[in-house]
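Going letter by letter, the sequence shown gives residues -29 to -1, 1 to 324 in mature numbering (1 follows the signal peptide of the UniProt record, and there is no 0). Ideal Cβ positions, reconstructed from N, Cα and C, are used throughout, including at glycine. Below is one structure; the comments refer to it alone.
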Amino acid sequence: MHLSTRSNRTMSLLLGVFSAFCLLGAALGQDVTYEDYLAQIKACPRECHCPRNFPSSVYCDNRELKQIPNIPPHTLYLYLQNNLIESLSKEALSNATQLRWLNVNHNRITDEGMAEGALEAMPQLLQLYMGDNLLTSVPVGLPSSLEQLQLSSNRISKIPAGVFSGMDRLSLLDLQGNKLLDDAVTEVSLKGLGGLVQMNLAKNQLSSMPTGLPPSTTQLFLDGNNIQGIPSEYFKGLPKVAFLRLNGNKLSTGGVPRDVFNLSSLLELQLSHNQLTEVPFISAGLEHLHLDHNQIKSVNGSDICPVSAEALEDYAYASAPKLRYLRLDGNEIPPPIPRDVVTCFRLLRSIVI
Ligand SMILES: *[C@@H]1O[C@H](CO)[C@@H](O)[C@H](O)[C@H]1NC(C)=O
Ligand SMILES: *[C@@H]1O[C@H](CO)[C@@H](O)[C@H](O)[C@H]1NC(C)=O
Ligand SMILES: *[C@@H]1O[C@H](CO)[C@@H](O)[C@H](O)[C@H]1NC(C)=O
């Protein structure tokens, strides 16, 4: 009895050590030695917290820090959000060359505070969160390894030419809530973003559609600008656009060619809170359409139906329009829902009028 209890305890201790090593392996990757693991725990900055089972994560968030503490080598994930940090100091980050993730959201970082070369010294950085700071320009010297760059809620009005050069791994660029005008977003300023998937330019000061977006763009968010019109060939250069949000702009039917959204790639189109008086033509593949809070007076289902009457009649569901969700509330359309709308869009699950 006694013996077996002891061996059980030894067993569970061994298992514990074993699983700690497994965790360690999983957490730090294959090439981290036990010495490095101990060194990492020992080097954890006094101001921060480094979990024992995941010491490559360094938590220094919400601590009223004015400066970045010295970050130990082997740090992969660094959390510095919600502090009072004014600069990304090269010195404090000089050993953080392995960083994959850097979160400095909600601090007081200025353009001057971006030490030259501080970010370039992190050649493996994948995600950089710098939202809610005091930047007026997209910082130069970004590592070309970056996949996601979050710069929302700064005061950015400038995108320096060539700042994204060589950054074809960047898939997400979030610039919402800044002060970008039309002439800031151009082919010259966006050059290099060959792999961009999501571009968020919501809540800026654009009065026309941005130029220079790469053809890889799939999600384009432009809500809350002052955009008045869309050039008829605009989407020719964006063959993959699937999610398009233009809520809260100044689009009127006169400024929007009626077939400009008739794009086979489009799955979701949001045009709420504009000044449209007519329903634009859509493609049979569109699944979500938001047209609420415009000035539309009537909807002619056969007019906007992307499929011909004959094709509808043969009840071939494969060719039926894919629209599942339609919002038309906040317009001037009297109920009931026009019958020809329901006849055309047979897959509609929800319609708000
Ligand atoms: C960087 O690491 C070296 C070697 O471990 C150490 O001597 C130095 O103080 C570290 N620098 C910072 C800023 O932490
Ligand atoms: C929409 O585009 C398709 C394919 O390009 C085309 O056949 C169709 O006529 C267009 N519909 C309208 C209403 O422009
Ligand atoms: C809807 O449009 C079609 C084709 O443009 C037209 O023939 C029809 O009269 C319209 N229906 C209504 C109710 O206005």
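Any non-hydrogen atom of ligand 3 closer than 6 Å to residue i Cβ
i: D274; result: yes
i: N233; result: no
i: N271; result: yes
Beta-carbon proximity of residue i to residue j, cut-off 7 Å
i: V111; j: V75; result: no
i: L99; j: L70; result: no
i: G200; j: G219; result: no
i: Q246; j: S223; result: yes
i: I130; j: A155; result: yes
i: L260; j: L209; result: no
i: S290; j: A282; result: yes
i: L64; j: I42; result: yes
i: C31; j: L55; result: no
i: F192; j: R216; result: yes
i: V313; j: I275; result: no
i: V168; j: S136; result: no
i: S124; j: G88; result: no
i: S28; j: Y48; result: yes
Simplified DSSP state of residue i, which is helix, strand or coil
i: D153; result: helix
i: R79; result: coil
i: L160; result: According to the sequence provided, residue 160 is Ser. The question's Leu does not apply to it. Three-state DSSP puts S160 in a helix.
i: F(-9); result: Model confidence at F(-9) stands at a pLDDT of 42, short of 50, so the residue's coordinates are unreliable and nothing is read from them.
i: residue 330; result: Past the boundaries of the shown model lies residue 330; the chain is included only from -29 to 324, so the question cannot be answered.
i: I12; result: helix
i: K221; result: coil
i: I322; result: strand
i: N(-22); result: Residue placement at N(-22) cannot be trusted, given a pLDDT of 44 that sits under 50; what the coordinates show is reported in the next sentence. Correct three-state label for N(-22): helix.
i: F135; result: coil
i: V129; result: Note that residue 129 is Lys in the sequence shown here, rather than Val. Reduced to three states, the DSSP call for K129 is strand.
i: F232; result: coil
i: F25; result: coil
Contact test: residue i Cβ vs ligand 1 heavy atom, cutoff 6 Å
i: S65; result: yes
i: N104; result: no
i: N53; result: no
i: N41; result: yes
Cut-off 7 Å between Cβ atoms - residues of its own chain near residue i, not counting five sequence neighbours on either side
i: G301; result: D263 and H264
i: L257; result: L237, L238, L240, K293 and L294
i: K150; result: R126, I127, S128, N175 and Q176
i: I12; result: C21, R23 and P26
i: M85; result: L59 and P110
i: T46; result: S27, V29, A67, Q69 and L70
Check: residue i C-beta below 6 Å from any heavy atom of ligand 2
i: D230; result: yes
i: F252; result: yes
Cβ neighbours of residue i in the same chain (closer than 8 Å, five flanking residues each side left out)
i: L96; result: L70, R71, W72, L73, L90, P114, S116 and L117
i: Y205; result: M180 and V231
i: Q266; result: Q246, L247, T248, N302 and E303
i: E18; result: C31, R34, L36 and P40
C-beta neighbour in chain D for residue i, strict 7 Å
i: L97; result: As a matter of chain content, chain D is missing from the structure shown, which is built from one protein chain.
Other residues of its chain near residue i: CB distance less than 6 Å, five sequence neighbours each side excluded
i: S235; result: S254 and G256
i: G226; result: Q199 and G200
i: T157; result: T182 and G183
Distance cut-off 6 Å: residue i Cβ against heavy atoms of ligand 5
i: D32; result: Ligand 5 is absent from the structure shown, which contains only ligand 1, ligand 2 and ligand 3.
Residue ranges of each alpha helix (DSSP H) run of no fewer than 4 residues wholly in the stretch 235 to 320, ordered along the chain? 272 to 275, 280 to 284 and 310 to 315
Along the chain, which unbroken stretches of the alpha helix (DSSP H) at least 4 residues long are found entirely within the stretch 37 to 85? none
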